[in-house]
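**Student:** Here our numbering is used: the sequence shown runs in plain steps of one and ends on residue 390.
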Amino acid sequence: MLTKKLGLLLVLLHLSLLGFGQSDDALKADADQGKMMVRIAELEIGTDYLDEYLEILKEESEASLRLEPGVICIYPMFQKQNPTQIRLLEIYANKEAYELHLKTPHFQKYKTTTAEMVKDLKLIDMEAIDPESMSMVFKKYKF
């Protein structure tokens, strides 16, 4: 029991050192000020690895959204005619949130377990044309 408590304490300490304590208000302020980081990741996955890769990607993107306040969106998709062509829309509250994302255990696990599966990777930094309307994107859809 003590080992579990100590392990949990170490995980919480690690997360606080990564900066997960940034307030929601601070993250929203960065997004409102146009400091959001928007990126499209273009990946080509080896055919033999596709099913395994998709499972790992789903796990990583879900964990990023659930655990990281600075991750606004990680939306993975694939081309209908060529499912080995994966695209991710990534939106972070700011550059710091992106840099923290890269250090998380779930991203590190994703990166190391999929390294040989990825045949090609392009990271394309984007600039929002109308950042003020960004919040409407997420409010329109009712779950």
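Positions of the beta carbon are idealized from the N, C-alpha and C atoms, including for glycine.
Considering only DSSP beta bridges, list what Glu379 is partnered with.
**Tutor:** Glu379 is not bridged to any residue.
**Student:** Under 8 angstroms: do the region 289 to 307 and the region 343 to 363 share three or more Cβ pairs, one atom per stretch?
**Tutor:** The answer is yes - the region 343 to 363 touches the region 289 to 307, with three or more Cβ pairs under 8 angstroms.
**Student:** Could you check what DSSP says for Gly268 in three-state terms: helix, strand or coil?
**Tutor:** Below a pLDDT of 50, predicted positions are generally treated as unreliable, and Gly268, at 44, falls in that range; no measurement from the model is reported.
**Student:** How would you label Leu370, buried or exposed, when you count the other beta carbons within 10 angstroms and need 16 or more for buried?
**Tutor:** Leu370 is exposed by the Cβ-count criterion.
**Student:** Are the CB atoms of Ser308 and Pro323 within a distance shorter than 7 angstroms?
**Tutor:** Yes. Within cutoff.
**Student:** Give me the Cα-Cα distance between Ser368 and Ala288, rounded to the nearest whole angstrom.
**Tutor:** Reading the sequence as shown, one finds Leu at residue 368 and not Ser. In a straight line, the C-alpha of Leu368 is about 7 angstroms away from that of Ala288.
**Student:** Grouping DSSP H, G and I as helix and E and B as strand, with all else coil, what is Lys366?
**Tutor:** Strand.
**Student:** Within 10 angstroms of the Cβ of Leu349, are there 16 or more other Cβ atoms? Answer buried if so, exposed if not.
**Tutor:** Leu349 is exposed by the Cβ-count criterion.
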